[in-house]
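Student: Its first residue numbered 41, the sequence shown is counted upward by one per residue in the numbering used here. Structure incoming, see below.
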Amino acid sequence: MSGINEFIDNEVKTNDVVLFMKGTPQFPQCGFSGQVVQILDYLGLDYKGVNVLADQEIREGIKQYSNWPTIPQLYVKGEFVGGCDIVREMFQSGELQSHLQENGITTRGAA
């Protein structure tokens, strides 16, 4: 496992919710990353944002790690959930909220 893969693996496994994104949660630098940030913030989640623009190695490494070609990428409890479209669809259907609760992650407005 390369150093970058170990870094990504560590981020994914040591944080309950991680978003690999373009920009930061405070300043998303692409619309898709921004949409996922809005959803996570709306749910009141405590999550870590990793800015792939800050490091080309991470930007390429995360695509190989997940075998998923696009950014953003959301991970919950070490598991790849999906990109912007998947996260948005799951959020709209309530599946994302259920998935988070099943993993012991509290969302705002959850019973």
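Yeah, the Cβ is synthetic: ideal placement off N, Cα and C, and Gly gets one too.
1) Y82 to V76, Cα distance in whole Å?
2) Going by the DSSP bridge assignment, what does G63 pair with across the sheet?
3) Hey, I126 and F60 are a contact pair by Cβ (cut 8 Å); roughly how many whole angstroms apart?
4) Once the 5 residues before and after V121 are set aside, which same chain residues still bring their CB inside 6 Å of it?
5) At which residues does the alpha helix (DSSP H) containing F53 begin and terminate?
6) Excluding the 5 residues flanking Q69 on each side, which residues of the same chain have their C-beta closer than 7 Å to its C-beta?
Tutor: Put simply:
1) As a working mapping, residue 82 is identified with position 42 in the sequence shown. As a working mapping, residue 76 is identified with position 36 in the sequence shown. Distance between the alpha carbons of Y82 and V76: 10 Å.
2) Locating residue 63 in the sequence shown gives position 23, counting from the first residue. Residue pairing for G63: DSSP places it in a beta bridge opposite P68.
3) Your numbering for residue 126 matches position 86 in the sequence shown. Your numbering for residue 60 matches position 20 in the sequence shown. The Cβ separation is near 14 Å, so there is no contact.
4) Sequence index remark: in the sequence shown, residue 121 carries index 81 (1-based). Cβ within range, chain order: L114.
5) As a position in the sequence shown, residue 53 is number 13, starting the count at 1. Here residue 53 turns out to be Lys, not Phe, going by the sequence shown. Element bounds for K53: 43-54.
6) Along the sequence shown, one-based indexing puts residue 69 at 29. These residues qualify, in order along the chain: K62, G63, L93.
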